[in-house]
Amino acid sequence: MAGTAVPGRLAWQLASVAAKRQETPRVISLRLESDAWAGHLPGQHVDVRLTAEDGYQAQRSYSISSAPEPGVLELTVEDIPDGEVSPYLTEVLQPADRLELRGPIGGYFTWTAADGGPLLLVAGGSGVAPLMSMLRERAAAGSDVPTTLLYSSRSWDEIIYREELERLAADPTLRIVHTLTRSHPADWAGYTRRIDAAMLAEVAGALLPGSLAYVCGPTRLVEQVATDLVTRGYPPAAIKTERFGPTGG
Amino acid sequence: MAEHERDTRLDGNAAAGLLSTVFRCEPSEVMLICAGCGADGPMGALLAYGMEMGAVLRCPVCDTAVLRAGSAGAMLWLDVRGAVSMRVTIEH
Ligand SMILES: Cc1cc2nc3c(=O)[nH]c(=O)nc-3n(C[C@H](O)[C@H](O)[C@H](O)COP(=O)(O)OP(=O)(O)OC[C@H]3O[C@@H](n4cnc5c(N)ncnc54)[C@H](O)[C@@H]3O)c2cc1C
Ligand SMILES: [Zn+2]
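These protein sequence lines are chains L and S, in that order. In case it helps, the numbering used here puts the first sequence at residues 49 to 297. In case it helps, the numbering used here puts the second sequence at residues 25 to 116.
Below is the structure:
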């Protein structure tokens, strides 16, 4: 739980790759297993550490995309060409390999069904990963908190978790709105531009008491959306952000 | 601020793994008062810069460097002069 002190909780540990799934042409999900893993809160991340033969180490953060579950966690990683860490995770790492990580980390960008809503989730690219953990948790808990996901992807084929999101959207209290920024199918009737203030006004609707917003993705997108939400009257404390850096367009 | 810095900055939350070496509780929930402007908020809501070499956590209101953390070899150091105080909630 938030703020709980568990000594040694964040020691580096080895998890083994149980499965690897291709989500889109540039994105994979890794299912990792570790007996020492006690579960997580939706929205939390892990730090992943790679060590080269000469001892050189590189470390990056990855959000947990699965619903909380002891012994198991899933990460969803976008391949950044020429990146130091992500190409290793997407191309080199295979089932049965082991990966060093520490976590779960973060008590700030988290949501559980008990936190309520209405909930506005805004994602750019791989920024959907921690929000997917929230949506999976919401479904598993049978929560009917009114929830909207506004999700920006480059194209139809690059929508991560597309089929699972379609299934989840059968829930009448969950609305999923996509925008496709680079290309779109000929019969696409949805948004075709980057998320802007006008789109947020249309999608987010009226601000209600208890409204919570979680915004995740490339730093630029996150900052623009957070600014627009403040302009729309969201109290700054009701807007949680997770900047991924330049990645995730 | 350089454009590169603006595009690469992160939330203080991203430095929580590094800071967990020092804090026994979840670092992103530690409440800090900024020495520059008096703003009060959780570490997770500060802005994190330069994660590669450690991190500088700046106030989102006035840009004061509230916390700096870096690791050198087996040593992790923390420069806290940008914080008036830190407080945590004790759970019973
Ligand atoms: C809290 C947190 C959670 C995160 N969660 C996830 C997650 O769930 N999934 C995920 O995929 N990533 C996530 N990230 C981003 C991740 O940590 C890495 O930054 C990312 O994988 C790139 O690392 P790399 O080592 O491959 O690239 P690097 O070696 O760090 O970068 C290589 C170069 O490419 C540049 N670059 C980076 N992205 C792009 C781009 N899109 N286009 C052009 N140039 C680019 C960089 O500026 C750099 O110059 C998260 C980041 C944070 C802080
Ligand atoms: Zn300040």
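Here a beta-carbon is modelled for each residue, glycine too, at the ideal position from N, C-alpha and C. Note that the coordinates shown come from a computational prediction; the quantities given were computed from them, not determined experimentally.
Here the residues close to ligand 2, judged by CB distance below 5 Å to any of its heavy atoms, are S:C58, S:G60, S:C61, S:A63, S:C83, S:V85, S:C86, S:T88 in chain order.
For L:T267, the enclosing alpha helix (DSSP H) has its first and last residue at 267-279. L:S77 has its alpha-carbon roughly 16 Å from the corresponding atom of L:L149. Annotated three-state conformation of L:P73 is coil, per DSSP. The three-state secondary structure of S:H28, taken from DSSP, is helix.
The three-state reading of DSSP puts L:Y136 in helix, counting H, G and I together.
The beta carbon of L:L58 falls within 8 Å of a beta carbon belonging to chain S, placing the residue at that interface. Cβ-Cβ separation between L:L167 and L:T195: approximately 4 Å, consistent with a contact (criterion under 8 Å). Counting only residues of its own chain and dropping the five nearest sequence neighbours on each side, L:A249 has a CB closer than 8 Å to the CB of R280. For the alpha helix (DSSP H) assignment, the uninterrupted runs of no fewer than 4 residues enclosed by the segment 185-265 of chain L are, from N- to C-terminal side, 210-216, 245-252. Inclusion of L:I243 and L:V278 in the CB contact set at 8 Å is not warranted, their separation being larger than that value. In this chain, the alpha helix (DSSP H) harbouring S:L42 covers 40-43. Residues of chain L whose Cβ lies closer than 8 Å to the Cβ of S:T88 do not exist, since the nearest Cβ in that chain is about 18 Å away. DSSP lists no bridge partner for L:W159. Looking at the DSSP output, L:H93 bridges to L:S111, L:I153.
Proximity of chain L to S:R92 at the Cβ level (cut-off 8 Å) is not reached, the minimal Cβ distance being about 18 Å.
Contact between L:S203 and L:L179 does not hold, since the beta-carbon distance rounds to 19 Å and is not under 8 Å. Going by beta carbons, L:S134 and L:S181 fall outside the 8 Å limit. Ligand 1 has no heavy atom closer than 7 Å to the beta-carbon of L:R74.
Between the alpha carbons of L:A245 and L:R184 lies a distance of about 28 Å. Only those residues of the segment 247-277 of chain L whose C-beta falls short of 9 Å from the nearest C-beta of chain S are listed: P266, T267, R268, V270, E271.
For S:C61, there is no enclosing beta strand (DSSP E), since its DSSP letter is neither H nor E.
Rounded to whole angstroms, S:C49 and S:A107 show a C-alpha spacing of 18 Å. The beta carbon of L:T160 sits no closer than 8 Å to any beta carbon of chain S.
One finds D35 in chain S with Cβ atoms closer than 7 Å to the Cβ of L:T289, taken in chain order.
Take L:W159, set aside five residues on each side of it, and the residues of its chain with a beta-carbon closer than 6 Å to its own are P90, G91, M182, in chain order.
The beta carbon of S:G68 falls within 8 Å of a beta carbon belonging to chain L, placing the residue at that interface. The C-beta of S:S95 comes no closer than 8 Å to any C-beta of chain L.
In summary, L:R291 is buried, with 16 or more beta-carbon neighbours lying within 10 Å of its beta-carbon over all protein chains present. DSSP places L:A59 in the coil class of the three-state scheme, outside both helix and strand.
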